[in-house]
Amino acid sequence: MINQEERSYLLSYSRSILEKFYGVSDVVDDFKISDHAFLKKRFGVFATLYNSGKLRGCMGRLLSSDPLFETLKYCLINSATSDSRFPAVQAEELDSLNIEISILSELKLIKDIDEIIIGKHGIYLY
């Protein structure tokens, strides 16, 4: 779905979003939407935060009517501040946080359960 350069960019951009949110930095990574067409597309996304290998927060959207760059920002900030399983991430933790971004492919209607690959596909029931 995205290449290695885009992956690196997303992780760098994600960290800069959190640093700006927590007031650690005024600068958001040089973010040029026009240089990255995939950022304008609408994807579901999950942002997961780890500290010392332990889950610290996770928030996401299965579907989004917003471009990826906006959905990602929303999920990152909410992962850090609104995951009810954990107290909010503190600014002092930022340097030790690992960020995992999961971009979801478009939902696809299946006709047979055998089309599901365990460990690869998610399931959305409605």
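If you count by our numbering, then the sequence shown holds residues 55 to 180, one letter each, in order.
By construction, the Cβ of each residue, glycine as well, lies at the ideal position given by its N, Cα and C atoms.
Since the model is a prediction, treat every value here as computed from it, not as a measurement.
Subject >> Opening and closing residue of the alpha helix (DSSP H) in which Asn132 lies >> reply: Looking up residue 132 in the sequence shown gives position 78. It spans 122-135 - the alpha helix (DSSP H) in which Asn132 sits, taken as one unbroken run.
Original post:
So which of Thr102, Arg110, Gln58, Ile171 has the shortest CA-CA distance to Arg139?
Top reply: The residue given as residue 139 occupies position 85 in the sequence shown. Of the candidates Thr102, Arg110, Gln58, Ile171, the residue whose Cα lies closest to the Cα of Arg139 is Arg110.
**OP:** Buried or exposed for Ile170, please, with buried defined as at least 16 other CB atoms from any protein chain shown within 10 angstroms of its CB.
**Re:** Residue mapping note: residue 170 aligns to position 116 of the sequence shown, counting from 1. Classification for Ile170: exposed.
Original post:
Buried or exposed: Gly107, going by 16 or more other Cβ atoms within 10 Å of its Cβ?
Top reply: Working through the sequence shown from its first residue, we reach residue 107 at position 53. By the beta-carbon neighbour count (other beta carbons within 10 angstroms, threshold 16), Gly107 is exposed.
Original post:
Near Glu194, which residues of its chain fall below 6 Å by C-beta distance, leaving aside the five closest residues on each side in sequence?
Top reply: One cannot answer for residue 194 here, as it falls past the ends of the chain, which runs 55 to 180.
Original post:
Alpha carbon to alpha carbon, what distance is there between His175 and Tyr104?
Top reply: Mapped onto the sequence shown, residue 104 falls at position 50. Mapped onto the sequence shown, residue 175 falls at position 121. Spanning the two alpha carbons is a distance of roughly 23 Å.
Original post:
Which class does Glu154 belong to by DSSP, given the choice of helix, strand or coil?
Top reply: Within the sequence shown, the letter at position 100 stands for residue 154. DSSP places Glu154 in strand when its eight states are reduced to three.
Original post:
Going by alpha carbons, who is nearest to Glu124 out of Glu59, Ile71, Leu179, Tyr180?
Top reply: The residue given as residue 124 occupies position 70 in the sequence shown. Nearest option by C-alpha distance: Ile71.
Original post:
For Lys127, does the count of other Cβ atoms within 10 angstroms reach 16, so buried, or fall short, so exposed?
Top reply: Here the question's residue 127 lines up with position 73 in the sequence shown. That one is buried.
Original post:
What are the residues that DSSP puts in a beta bridge with Phe100?
Top reply: Mapped onto the sequence shown, residue 100 falls at position 46. Answer is Gly114, Ser156.
**OP:** Could you round the C-beta distance between Leu158 and Phe97 to whole angstroms and report it? I think they count as a contact, below 8 Å.
**Re:** The count along the sequence shown starts at 1 and reaches residue 158 at position 104. The count along the sequence shown starts at 1 and reaches residue 97 at position 43. With a Cβ gap of about 6 Å, Leu158 and Phe97 count as contacting.
Subject >> Per-residue DSSP class, three states only, for Leu93 >> reply: Numbered from 1 along the sequence shown, position 39 holds the residue referred to as residue 93. If DSSP states are grouped into helix, strand and coil, Leu93 belongs with the helices.
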